[in-house]
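> Chains as they are written, first to last, in our numbering: chain A, 18 to 500; chain B, 25 to 536.
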Amino acid sequence: MKAAYRVRVCAVLLISVALICSPSWGSYPYAKLRPESLKQKPLQFSPPEPHRAVLPNGMVVYVLEDRSLPLVSVAAYVKAGSVYDPPERIGLASIVGSVMRTGGAAGKSGDQIDEELETIAASVDCSVGSEYATVRLSTLSRHCEKALQLFADILTKPDFQEDKLNLAKQQALEAIRRRNDYPYNIASREFARLVYGKESPWAWISTPDTIKAIRRSDLVEFHSKFYRPNNTILAVSGDFKKDEIIQQLNGLFASWQAQEVVFPKIQPVEERFTPGLYLIHKDVPQSVIVMGHLGVRRLSPERYAIQVLNSVLGAEGFISRMVSRVRTERGLAYSVWAAISPGADRGLFRAVAMTRSSNAAEAIKLMRETIAEMLSKPPSDEEMAVAKNTIVNSFIFEYDTPEKLVNARAELELLGYPPDYLKTFPDGIRAVTKQDVLAAARKYLNPDKMVILVVGNSAELRKQLQEVGSVTDLALESYEDGG
Amino acid sequence: MIRRLVWATAVLLAVFWGGAPGAGAQLLQERVAEHTLKNGMKFLLVERHQAPVFSAVIAFRAGGVDEAAGESGLAHLLEHMAFKGTQVIGTKNYRKEKRLLEKIDSIAVELARLEASGRPEDAERISKLREQLQKAQQEAAVYVVPNELDRIYSVNGAEDLNAWTSKDMTAYVVSLPSNKLELWALIESQRMATPVFREFYAERDVVCEERLQSVENNPFGKLYEVLIATAFAAHPYRTPTGGWMSDLRTLTRPQAERFRRTYYVPGNAVAALVGDFRTEDVIPVLEKYFGAIPPGPPPPPVATKEEAQSGEKRVKVEFAAQPHLLIAYHKPTLPDDDDFVFDVLNAVLTEGRTSRLYSALVKKNIALNVSSWTSEPGARYPNLFLISAVPMHPHSVEDLEKAIYAELEKLKNEPVPDEELEKAKSLLTAEFLRGLQTNMDLAEKLAYYQTVAGDWRYILRWEERIRKISAQDVQRVARKYLVERNRVVAAVVPPSGKEETSAEQSAGGAEQ
Chain A
18 MKAAYRVRVC AVLLISVALI CSPSWGSYPY AKLRPESLKQ KPLQFSPPEP HRAVLPNGMV
78 VYVLEDRSLP LVSVAAYVKA GSVYDPPERI GLASIVGSVM RTGGAAGKSG DQIDEELETI
138 AASVDCSVGS EYATVRLSTL SRHCEKALQL FADILTKPDF QEDKLNLAKQ QALEAIRRRN
198 DYPYNIASRE FARLVYGKES PWAWISTPDT IKAIRRSDLV EFHSKFYRPN NTILAVSGDF
258 KKDEIIQQLN GLFASWQAQE VVFPKIQPVE ERFTPGLYLI HKDVPQSVIV MGHLGVRRLS
318 PERYAIQVLN SVLGAEGFIS RMVSRVRTER GLAYSVWAAI SPGADRGLFR AVAMTRSSNA
378 AEAIKLMRET IAEMLSKPPS DEEMAVAKNT IVNSFIFEYD TPEKLVNARA ELELLGYPPD
438 YLKTFPDGIR AVTKQDVLAA ARKYLNPDKM VILVVGNSAE LRKQLQEVGS VTDLALESYE
498 DGG
Chain B
25 MIRRLVWATA VLLAVFWGGA PGAGAQLLQE RVAEHTLKNG MKFLLVERHQ APVFSAVIAF
85 RAGGVDEAAG ESGLAHLLEH MAFKGTQVIG TKNYRKEKRL LEKIDSIAVE LARLEASGRP
145 EDAERISKLR EQLQKAQQEA AVYVVPNELD RIYSVNGAED LNAWTSKDMT AYVVSLPSNK
205 LELWALIESQ RMATPVFREF YAERDVVCEE RLQSVENNPF GKLYEVLIAT AFAAHPYRTP
265 TGGWMSDLRT LTRPQAERFR RTYYVPGNAV AALVGDFRTE DVIPVLEKYF GAIPPGPPPP
325 PVATKEEAQS GEKRVKVEFA AQPHLLIAYH KPTLPDDDDF VFDVLNAVLT EGRTSRLYSA
385 LVKKNIALNV SSWTSEPGAR YPNLFLISAV PMHPHSVEDL EKAIYAELEK LKNEPVPDEE
445 LEKAKSLLTA EFLRGLQTNM DLAEKLAYYQ TVAGDWRYIL RWEERIRKIS AQDVQRVARK
505 YLVERNRVVA AVVPPSGKEE TSAEQSAGGA EQ
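(1) Can you give me the start and stop residues for the beta strand (DSSP E) that B/F84 sits inside?
(2) Apart from the five residues on each side of it in sequence, which residues of its chain come closer than 7 Å, Cβ to Cβ, to B/Q333?
(3) DSSP on A/G331, reduced to helix/strand/coil?
(4) Specify the secondary structure class of A/M467 as computed by DSSP and reduced to three states.
(5) For A/R84 and B/Q74, what's the separation of their Cα atoms in angstroms?
(6) List, in chain order, every chain A residue whose beta-carbon is nearer than 8 Å to that of B/L460.
(7) Can you pull out the residues from the stretch 338–365 of chain A whose beta carbon lies closer than 9 Å to at least one beta carbon of chain B?
(8) May I ask whether a heavy atom of the ligand HEM can be found less than 7 Å away from the beta carbon of B/E95?
(9) Where DSSP assigns a beta bridge to A/Q303, which residues make up the other side?
(10) DSSP three-state label for A/R232, please.
(11) Residues in its own chain within less than 7 Å of B/I150 by CB, not counting five upstream and five downstream?
(12) Output yes if chain A places a C-beta closer than 8 Å to the C-beta of B/S420; else output no.
(13) Going by Cα to Cα distance, which pick from B/L432, B/P415, B/Y313 and B/Y482 is closest to B/N370?
(14) Pull the bridge partners of B/P415 from the DSSP assignment, please.
(15) Tell me, please, whether the CB atom of A/E148 is closer than 8 Å to any CB atom in chain B?
(16) For the beta strand (DSSP E) containing A/V95, name the first residue and the last one.
(17) Suppose only complete runs of 3+ residues qualify. What are the beta strand (DSSP E) ranges in the stretch 134–173 of chain B, listed by chain order?
(18) Determine the burial state of B/N437: buried for a count of at least 16 other Cβ atoms within 10 Å of its Cβ, exposed for fewer.
(19) Measure from the alpha carbon of B/Q214 to the alpha carbon of each residue in B/G315, B/N393 and B/S79, then state which is nearest.
(20) Determine whether the Cβ of B/N203 lies closer than 8 Å to any Cβ atom of chain A.
(21) Is the stretch 157–171 of chain A touching the stretch 260–273 of chain A, taking contact as three or more C-beta pairs under 8 Å?
(22) Taking C-beta to C-beta, are A/V91 and A/L154 nearer than 8 Å?
(23) What residues from the stretch 312–345 of chain B come within 9 Å of chain A, judged by C-beta to C-beta, listed N to C?
(24) Express the C-alpha separation of A/T227 and B/A255 in angstroms, rounding to a whole number.
(25) Give the secondary structure of A/F208 by DSSP, where H, G and I count as helix, E and B as strand, and everything else as coil.
(26) Do the stretch 254–272 of chain B and the stretch 78–91 of chain B make contact, defined as three or more Cβ pairs closer than 8 Å?
(27) Check A/L311 in the structure and name its three-state DSSP category.
(28) Please classify B/W268: does DSSP put it in a helix, a strand, or coil?
(29) Looking at the C-beta of A/F414, does it have a partner C-beta in chain B at a distance below 8 Å?
(30) Of all the CB atoms in chain B, is at least one closer than 8 Å to the CB of A/M371?
(31) Is B/S202 near B/V81, with beta carbons less than 8 Å apart?
(32) Please confirm if A/P302 has its CB atom under 8 Å from at least one CB of chain B.
(33) Between A/V89 and chain B, is there a C-beta pair that is closer than 8 Å?
(34) Only counting the same chain, and skipping five residues up and downstream in sequence, which positions put a Cβ closer than 8 Å to that of B/R338?
(35) Closest Cβ-Cβ distance between A/K299 and chain B: below 8 Å?
(36) Express the C-alpha separation of B/K388 and A/G120 in angstroms, rounding to a whole number.
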């Protein structure tokens, strides 16, 4: 026994001492055991089915009880995102979301609502994305009735107090002033503008002028147009009885009237960008690289193949080629990924890495090669198995809590996915062949016609980037002195 | 890509842990089963049968604070290395690989020594060693199966696969379908007992990139690092968990091995499992795999103590970004009575939209945002109460500072009204309850308090302690700690030699 450990670890005094202290310890016996050799019981699980109700005013509600903690969560998904901003008032949708929460409702001032919510330790928050706004409530179940009332008031009867509007506008201007503080934010924003065009609702950004142009009447009009029960889906989960909560919601939202929502016409995305190598100067030691082009529509027939392709090419979880090559093998980056992301119109294809400026050219070449290889031959059988198993076996985490499940269902319905989307998803992935992945790569990836944007120190970057291609400098719009 | 990012997001974590218990305490009391193996490793088990999944956290009481001088970043680099596999995972032939790894080490150790001493006459030897290192790494790469540990977890349906390092501890986390519990026990016990730190020097480069991303490229990351390094003169809390770049570049595999053997002993580890399993079925599995890991002696304590600060410290961080202010006060850590008072004081100041600093700064258009945390950069040792605020143009950080001090003075001069105190406490307890919602939330919480406070039951007692805190307590603590002598102030300011940009750009233009 002693001989054994002396041979193994004689140089390490601490361990030897430990072994002498407890002589009964041998060496760890499972050092050679491979994980595949373990037997696994098959997993049986049919997730609970949320109840889908349609209230008389047309609002769809997903409800699922969860009695594990005395909490209730509600989320309203409203198709009222920033793509519906009037072009001369970009930022309006977002300001509506913010002042809806702060600017009072149903005759109560915003500060009074804050006080009432926090006295019962409840919270209501609004966030606004490009397609839809989300208003979320979290409350203790014992205060559910009161909290729901405040939530409904905020959602349906906002007063948009003038002073809170002014505050929100000041905050929006401050955010504009700060939008170039973080190099990744610059890269991600400017890449979208290069690919979609600055005027596209999918890439446009507010300016001091578009914010200053916003008036209270714009908020009232926007709210009245888009915040309608027939344009809203509610996700409700937590500690309640299903029938009681539905009855309660019926009462709360009875006076909220449906009205046909006429969405502004959004110009279809056109492939008009100029491929090439672009450089934005920012005095930081690590540069951010974003390369890619337009992506796909959300419900494209190849959506499962694309998901497998993403996993093989660029998933962040260490199973992809991009992470293996750029991070694991070469140590060039901590963050690196690539994905074709689906959109309502064309989404984006992006490959992203952050690397010290002296490695930028090497990283760009390696990333480009890795993308190009997807078009030359199909993934290996092993890659296919890894990608498909990873997606299918972790799918259970999409619906392992009632809150996740009702929110997923609400969001999917709002975005136009079929009702059985979650149910049929695993089979859709299983059916993907490596030829499907190759075909999707050839159809949707074009490594020769990409926008490659680098944000970093131009003095350190310029020479090496010129080896990669001819460099176009982009200047950042700066609003530091405005506002 | 959250994995291994946490050392840089310590502040966010503190938000999570800064809040704490309430009605949840009762829910927990009966449901946490404790099991300690003969080798000293402790397990905390909570059954939850909502869905056939579980979350697992293994925490070691080993963090940045345990690093020796010149080895900053080692605990975090070791966390990365723990994903490189074992003697059977990640290798095609460990016997052959092992010899090459030793060869790589001997080159790397000499290289690190010569690079650190920086003598010009070593230049030739250094470049020769670099070549040798690269060649030896290529030879070893033949035997490597890259990222195999991640891949095994992934194909088995892992979610949240991650790890993080703070000043106090290192944690390895994953959620899995419930039929994978034995798989988890095998992989985790194997990487505790027989890990292999292959691809060490490429991963060291990755960690350097992580530092660039989270600190050098990130104005808040930089500001936080400078504030902490300024606040502590003696205590190892001063060193960033991510490490100083010059230390990082010279870390070697033997150093990481030594750190592991000292701190990754079973008696210094706690695992929390929450999810769909039966405790009586799980314990034999834990006994079998983790029970087979040999014990080790308890790791050495941290001896250095921070002296009381003798006067205010102020520091500026020049960065190409808009202004940002941090104000910190030294304070005791748990389980000191005053630490509980800080939880309440913190809630009064910044929890919610009716809190004092939010009302006085954000609602008054002086700040874009304001927040505060009670235990930076950790909670094993006396720490800092930290306020972060971002000024609204045209207000300066000085305006902001004045407005914050005015609110702190109010806390000292007048007791907090009862109603306000109650509201702060109920917000705190509700926040705690929300933090128990997912399996992972609960597992992390249990592992954290067991590791840092020495007993997960700290959570149970917390609510009672909070309930007893009076307006006089808050006033007394504000008067005692929130004073100028005890304060550290740091701010992001614009670079003094403004825009060297234009010079380069015109030069660049000329080149084209």
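Where is the CB? At the ideal position from N, CA and C, for every residue including glycine.
For this structure:
(1) Note, B/F84: beta strand (DSSP E), V77 to F84.
(2) Its chain contains H354, R509 and N510 as the residues whose beta carbon lies nearer than 7 Å to that of B/Q333, once the 5 sequence neighbours on both sides are disregarded; these appear in chain order.
(3) Three-state result, A/G331: helix.
(4) The answer is coil: DSSP assigns A/M467 none of H, G, I, E or B.
(5) Cα to Cα, the separation comes out at about 10 Å.
(6) At a beta-carbon threshold of 8 Å, the residues of chain A lying near B/L460 are L86, ordered along the chain.
(7) Within the stretch 338–365 of chain A, the residues whose Cβ lies closer than 9 Å to some Cβ of chain B are V340, S341, R344, T345, E346, R347, G348, L349, A350, Y351, S352, V353 and W354, listed in chain order.
(8) The ligand HEM is not among the ligands present in this structure, which contains no ligands whatsoever.
(9) A/R373, per the DSSP bridge assignment.
(10) DSSP places A/R232 in coil when its eight states are reduced to three.
(11) So the qualifying residues of the chain are L135, L138 and E139.
(12) Not an interface residue.
(13) When only C-alpha atoms are compared, the closest one is B/L432.
(14) In DSSP, B/P415 forms a bridge with B/A391.
(15) Chain B, which has no Cβ nearer than 8 Å to the Cβ of A/E148, makes this no.
(16) The continuous beta strand (DSSP E) containing A/V95 extends over residues L88 to V95.
(17) Taking only runs of at least 3 residues, no beta strand (DSSP E) segment lies wholly in the stretch 134–173 of chain B.
(18) By the neighbour-count rule (16 or more Cβ atoms within 10 Å), B/N437 is not buried but exposed.
(19) Of the listed residues, the one whose Cα sits closest to B/Q214 is B/G315.
(20) Residue contact check for B/N203 against chain A: a CB pair falls below 8 Å.
(21) At 8 Å Cβ cutoff, the stretches touch.
(22) Taking 8 Å as the Cβ cut-off, A/V91 and A/L154 qualify as a contacting pair.
(23) Listed by position along the chain: K312, Y313, A316, I317, P318, P319, G320, P321, F343, A344 and A345.
(24) Separation of B/A255 and A/T227 (C-alpha to C-alpha, rounded to the nearest whole angstrom) is 43 Å.
(25) If DSSP states are grouped into helix, strand and coil, A/F208 belongs with the helices.
(26) Using a Cβ-Cβ distance cut-off of 8 Å, the stretch 254–272 of chain B and the stretch 78–91 of chain B are in contact, since at least three pairs of beta carbons, one from each stretch, lie closer than that value.
(27) Assigned with DSSP and collapsed to three states, A/L311 falls in strand.
(28) Per DSSP, reduced to three states, the secondary structure at B/W268 is coil, with no helix or strand assignment.
(29) Yes, A/F414 counts as interfacial toward chain B.
(30) Chain B contact via Cβ: present.
(31) Against a cut-off of 8 Å, the Cβ pair of B/V81 and B/S202 comes out as no contact.
(32) Judged by the 8 Å Cβ criterion, A/P302 is in contact with chain B.
(33) Output row for A/V89: interface = no.
(34) Annotation for B/R338: V512, V513 and A514 place their beta carbon closer than 8 Å to its own, counting only its chain and skipping 5 residues before and after.
(35) At a cut-off of 8 Å between C-beta atoms, A/K299 counts as an interface residue with respect to chain B.
(36) Computed Cα separation, rounded: 14 Å.
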